[in-house]
Amino acid sequence: MHTPGATDDAPTTGEGLAAYIRRLRGLRKLTQAALAERAGVHLQTVRKIERGVTATLRPKARGGLARSLGVGIEYIEAAERGVEAVSLTGVKLCPNCWVPGTEPQPMWLDLRSHFCFACGTELLNRCIGCGEAIASWRFRFCPLCGKPYKGQSQATTRA
């Protein structure tokens, strides 16, 4: 199973968008057609990206690829620039709006997002109970301490 934010997910210096998308697609064992469908883009778009014809993405394609490959938008942006991605937060979720086991809201994937756009709650990227980084959107409980991610907020632990 894939863990978002894993070390092998980050683009390396000099790795362009084409090589990065091709590498991640291979790691996820996805066909070009499957990736295109999951990302909500045309198959031809994925083919152009992987051939190096398209080097800069539109926001919709960038977000769709990030979501379908399980990486942050900032990873895709770093690959577009051909630079190494450093100090990224990985998985973020709203403890109120998130439905366990479902894909995150696209806005939660943006590095600049700190609050949920729907309800205004602070997004979580770590377990409230133990501070462990949230590794996946699939699980509703922290694997270390067993606390649920849903229904808790930063304010709860500060009181």
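All residue numbers for the sequence shown refer to this note's numbering, where the first residue is 1 and numbers rise by one.
Glycine included, every Cβ here is placed at the ideal spot set by N, Cα and C.
Open item on the list: So, at 6 angstroms on beta carbons, what are the nonlocal neighbours of D110 in its own chain, with the 5 sequence-adjacent residues on each side left out?
Closed with: For this step, residue 110 is matched to residue 110 along the sequence shown. These residues qualify, in order along the chain: I73.
Open item on the list: Quick check on A55: does DSSP put it in helix, strand or coil?
Closed with: Within the sequence shown, the letter at position 55 stands for residue 55. The answer is coil: DSSP assigns A55 none of H, G, I, E or B.
- [ ] Indicate the three-state DSSP secondary structure (helix, strand or coil) for L43 in the structure shown.
- [x] Counted from its first residue, the sequence shown places residue 43 at position 43. If DSSP states are grouped into helix, strand and coil, L43 belongs with the helices.
- [ ] Kindly list the residues whose CB is nearer than 6 angstroms to the CB of D9, restricted to its own chain and excluding five residues on each side of it in sequence; keep chain order.
- [x] On the sequence shown, residue 9 is found 9 positions in, with the first residue counted as 1. The answer, listed in chain order, is V71.
- [ ] Assign P100 to buried or exposed, taking buried as 16 or more other Cβ atoms, counted over all protein chains shown, within 10 Å of its Cβ.
- [x] Walking along the sequence shown from the start, residue 100 turns up at place 100. So P100 counts as exposed.
TODO: Compare the Cα-Cα distances from V91 to each of G16, Q105, A79 and A78 and report the closest residue.
DONE: Counted from its first residue, the sequence shown places residue 91 at position 91. Residue Q105 is the option with its Cα nearest to V91.
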